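Going down the list, the protein sequences come from chains X and A. Quick note: the first sequence uses our numbering, first residue 1, plus one each step. Quick note: the second sequence uses our numbering, first residue 321, plus one each step. For glycine and all other residues, C-beta sits at the position ideal for the given N, C-alpha and C. Since the model is a prediction, treat every value here as computed from it, not as a measurement.
Protein chains: 2
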Amino acid sequence: MNIYDVAREAGVSIATVSRVINEKGNVSSKSMQKVNDALKKLNYSPSLLARALTVKSTHTVGVLTIDIRDPYYAAIAYTIEQEFYKRGYNMMLCNTGGSEEKKIEYLNALAQKQADGVIIVGSSFGGGRADDFLKEYAQKIPVVYINGYSEIKDVHFVICDDRRGIELMCEHLLKQGKKHLHYIQDDITFSAYQKRQGFVDALKRHGFPDGNKSITETGAGVNAGYEAAKKIFQTPCDAVVCGEDLTAAGVLKYINEFSIPAVVTGFNNSYLCEALMPPLSSVDNRVGEVACSAVEVLDAILSGKTAAEKTLITPRLVLR
Amino acid sequence: MNIYDVAREAGVSIATVSRVINEKGNVSSKSMQKVNDALKKLNYSPSLLARALTVKSTHTVGVLTIDIRDPYYAAIAYTIEQEFYKRGYNMMLCNTGGSEEKKIEYLNALAQKQADGVIIVGSSFGGGRADDFLKEYAQKIPVVYINGYSEIKDVHFVICDDRRGIELMCEHLLKQGKKHLHYIQDDITFSAYQKRQGFVDALKRHGFPDGNKSITETGAGVNAGYEAAKKIFQTPCDAVVCGEDLTAAGVLKYINEFSIPAVVTGFNNSYLCEALMPPLSSVDNRVGEVACSAVEVLDAILSGKTAAEKTLITPRLVLR
DNA sequence: CCTATTTATGTAACCGCTTACATTTTCTAT
DNA sequence: ATAGAAAATGTAAGCGGTTACATAAATAGG
């Protein structure tokens, strides 16, 4: 069933049907009525595919995440969906698993399916092959990056200052009198390196010039944290700063198990923090605000307005 | 840029270009070469929108979840994405928040955008307004339900026997000598009622006819579990069976805080179980298998094969 | 009452692709 | 060399909408 059927049923032309559907152009109340009746009678639903072909807008956006099972990405995706739903857009969820090839393939697919825009959440440190690709890509379809490497041209950025977040946490711990901070980096994203840098900077500023030596690199997840803890506590350490709540949970488990007198802190302020014993202090990286901003930026671009090239959001500590 | 540009560049007709792109029909190696050169030179990428208009397939599927932040839905979405990616499909993620209206709106949007199929994860208990809607809907576009109310016609079902899962857990606890089991229902989905029923059944079968009186209904999340625990332990209770790991985490927190001699069990076997102290025994509801099966079923339908109307997957206990 | 505007409607071209069908070219067998 | 079959190619008609433009109807002004 198509617009011709409706036109026939209503006894008008397809142009008139199109006009009443889109509430665009002039149409007499008489034929308006006839068309509406026909629409109802036939229970007609227009093909957005065909529509998109001529209006050049699908009202679909792509969202690239690294791992949707990670509460951080899930929370971002959640908010993005909500915000775009309000605005009449649908969301294509593209989970890359961190693979640059998959990322590129997805970006291509989104272009071919004429997504109106894309939001990329999290990126590798920069210089990845996707970065070059994006330079051209972003000229064809608007891209906003959440917590991504920010030297790419024509891409908009919404960034939570994760580096500052870790700095704040370190400063807090030092103020508490902790002497031997250790950092666990569990990822190799842009954001992960920022955090690491925050740790090094904070320590340096407080008279510990070689913070770099107090860093452990692991994989992601609770077990990784647990395993890391085994090594960390072989040397003196009274505070473990983690780049992720999950990692912190693993360290905490170890600490509890062996009654080690050290404190652990997390990052992301996920629901996990409340669930653990003792509750976990964490850096709130403002997932909701970040996602909202990203949607606002993209929506502005899609509406023909200009949007901030770079939006910086400040994290805050949640001490428990 | 379109297929005409490529045709002109290659000096052939658009039909020939189309043939080489889709590797369909006969084309001489000579013009094959010319077209491929043109494709490369122009860096052409066909519009899948236009293509879909005539071939009637978008290679896009919709996935409806209730809350993507919930690790259960996230895990399902994760696997669905992976499996469909392999098969060349993209995924529209539609998070309904449990609203039947939003569910219907999303289903309509998917139909208008000509999604090839949809997977719905989790449903209300049945009789919701979306159920009626689905009866008609499923005749137009294939629907497979994961853990959904299963009396709807023309809809395929992949169901983990959550009821049996809770039964197994209860039987285990009873065998351990527990005398006062209590159940916490934290949701009002189809699956949640199944679990509840499993609890009642198991108790009845072991000589506790009024298990219904030992059930607390709460909202979702760690805090809800914690609050529920306050009431539960006002009367004798040595085992709390939860319908969700998160709820269990809340109860566990309470138990630890007040050193209550009771055991808690969860459901979903999420990473949380390992993170908690003591580790949480949980029902593994086979998220991966369920999601894989759903994709297989939908893929079969889309490939014109016949698929199982109903797939039942058996949960298992993970005791820690 | 007639002309000038405004408002309403319809026709046809276009969006960018696929594909049935017609036509031309190439190949095979006589 | 030639008829017939097979292979290659092109033309044009969709797919289901939107919209520029032309035309017709309604309204306004003199």
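Where residue i and residue j are concerned, what is the direct C-alpha to C-alpha distance, given to the nearest angstrom?
i	j	result
Y426(A)	K515(A)	28 Å
S340(X)	R640(A)	Since the displayed chain X opens at 1 and closes at 320, residue 340(X) lies outside it and no answer follows.
P236(X)	D482(A)	47 Å
P366(A)	T567(A)	49 Å
Y324(A)	F157(X)	37 Å
E609(A)	I633(A)	8 Å
V332(A)	M91(X)	38 Å
D210(X)	L369(A)	56 Å
S124(X)	R484(A)	44 Å
P598(A)	I400(A)	32 Å
A327(A)	I334(A)	5 Å
L64(X)	D116(X)	14 Å
K406(A)	G497(A)	48 Å
G654(A)	I424(A)	Beyond the ends of chain A as shown, which are 321 and 640, falls residue 654(A); an answer cannot be given.
E594(A)	G221(X)	10 Å
K460(A)	K354(A)	41 Å
R636(A)	T585(A)	13 Å
N532(A)	L276(X)	30 Å
P284(X)	E491(A)	The sequence as given places Asp at residue 284(X); Pro does not occur at that position. Roughly 42 Å between the two C-alpha positions.
T378(A)	L430(A)	11 Å
A291(X)	N36(X)	39 Å
S348(A)	R339(A)	11 Å
L373(A)	K30(X)	33 Å
D390(A)	N589(A)	13 Å
Where does residue i sit, in a helix, a strand or coil, going by DSSP?
i	result
D521(A)	helix
K344(A)	coil
N147(X)	coil
R483(A)	helix
H182(X)	strand
A559(A)	strand
I388(A)	coil
G446(A)	coil
G541(A)	coil
F528(A)	coil
V63(X)	strand
N415(A)	strand
L639(A)	coil
N428(A)	helix
K630(A)	strand
V475(A)	coil
D507(A)	coil
G586(A)	strand
G408(A)	coil
Can you tell me whether residue i is buried or exposed? The criterion is at least 16 other CB atoms within 10 Å of its CB, across all chains shown.
i	result
K551(A)	exposed
D245(X)	buried
Q505(A)	buried
K113(X)	buried
G88(X)	exposed
T631(A)	buried
P261(X)	exposed
K573(A)	buried
V55(X)	exposed
S303(X)	exposed
Apart from the five residues just before and just after residue i, which ones in its own chain have a Cβ nearer than 8 Å to its Cβ?
i	result
I66(X)	Y73, N95, T96, G97, G98, V121, G122, T189
I152(X)	D131, L134, K135, A138, Y145
T216(X)	H182, Y183, I184, Q185, A228, K231, I232
Enumerate in chain order the residues of its own chain whose CB-to-CB distance from residue i is below 7 Å, with the five nearest sequence positions on each side excluded.
i	result
E9(X)	A38, K41, L42
G563(A)	I504, Q505, D506, D507, A512, K515, F587
G468(A)	I440, G442, S443, F477, F510
A77(X)	V63, T65, I68, L93
By Cβ distance below 6 Å, which residues in the same chain neighbour residue i in space, the five residues on each side in sequence not counted?
i	result
G225(X)	T247, G250, V251
A325(X)	Nothing in the structure corresponds to residue 325(X), since chain X is present only between 1 and 320.
A395(A)	V607
Taking only beta carbons into account, state which residues of the segment 580–600 of chain A come closer than 8 Å to chain X, listed in chain order.
Y591, L592, E594, A595, L596, M597
Chain-ordered residues of the segment 378–399 of chain A with a beta carbon less than 9 Å from chain X
T378, H379, T380, G382, V383, D387, I388, R389, D390, P391, Y393, A394, A395, A397, Y398
Output, in sequence order along the chain, the residues in the segment 452–469 of chain A whose CB is closer than 7 Å to any CB in chain X.
none
Closer than 7 Å, Cβ to Cβ, to anything on chain A: give me those residues from the segment 109–123 of chain X, in chain order.
A109, A111, Q112, K113, Q114
Relative to chain X, which residues along the segment 354–367 of chain A have a C-beta separation below 8 Å, given in chain order?
S365, P366, S367
Any C-beta of chain A within less than 8 Å: which residues of the segment 213–226 of chain X qualify?
G221, V222, N223
If the cut-off is 8 Å on Cβ atoms, which residues from the segment 400–416 of chain A count as contacting chain X, listed in chain order?
E401, Q402, Y405, N410, M411, M412, L413, C414, N415
Between the segment 566–580 of chain A and chain X, which residues of the former have a C-beta closer than 9 Å to a C-beta of the latter?
L566, A569, G570, L572, K573, N576, E577
Members of the segment 302–320 of chain X near chain A, C-beta cut-off 9 Å:
none
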